[in-house]
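**Q** Be aware that the sequence shown starts at 33, since it is given in this note's numbering, and climbs by one per residue.
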Amino acid sequence: MNATILAIIALSLLALGIILSSLRLFLGPTRADRLVAADTLAVITTAGLILFASFVDNPVYLDIALLYGALAFVGTVAIARAMEPSRS
Numbered sequence: 033m034n035a036t037i038l039a040i041i042a043l044s045l046l047a048l049g050i051i052l053s054s055l056r057l058f059l060g061p062t063r064a065d066r067l068v069a070a071d072t073l074a075v076i077t078t079a080g081l082i083l084f085a086s087f088v089d090n091p092v093y094l095d096i097a098l099l100y101g102a103l104a105f106v107g108t109v110a111i112a113r114a115m116e117p118s119r120s
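1) Counting Cβ pairs, one atom from each stretch, are 3 or more of them under 8 Å apart for the region 74-94 and the region 111-120?
2) When you compare only the Cα positions, how much space is there between ASP95 and VAL75?
3) Report yes if the C-beta of LEU103 is less than 6 Å from at least one heavy atom of the ligand ATP; otherwise report no.
4) When burial is assigned at 16 or more other CB atoms within 10 Å of the CB, is SER44 buried or exposed?
5) Give the DSSP-derived three-state secondary structure of THR62 in the structure shown.
6) Is SER118 helix, strand or coil by DSSP?
7) Shortest alpha-carbon distance to VAL68 belongs to which of GLY107, ARG119, ILE41?
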């Protein structure tokens, strides 16, 4: 397969994931649904950064994607811990 066709397919799937996750983020009935959608958007952004790094052939963006993914994970865990009911 041609690299251009694969790039178009990858970008289309990322765009579809962004659209669907954004819908769940704004329309989610519960806070947990919104949190999962925000985490999914962070994963999609990380994948987009990795795809961008392969387009420009610059490995610095891989480091940025790794840092962004780690910070997004820590942020998601922190928000999830804040959302859980207190045990007193």
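Note that the Cβ used here is the ideal one computed from N, Cα and C, for glycine as well.
**A** This is what the structure holds:
1) no
2) 15 Å
3) This structure does not include the ligand ATP; it has no bound ligands of any sort.
4) exposed
5) coil
6) coil
7) GLY107
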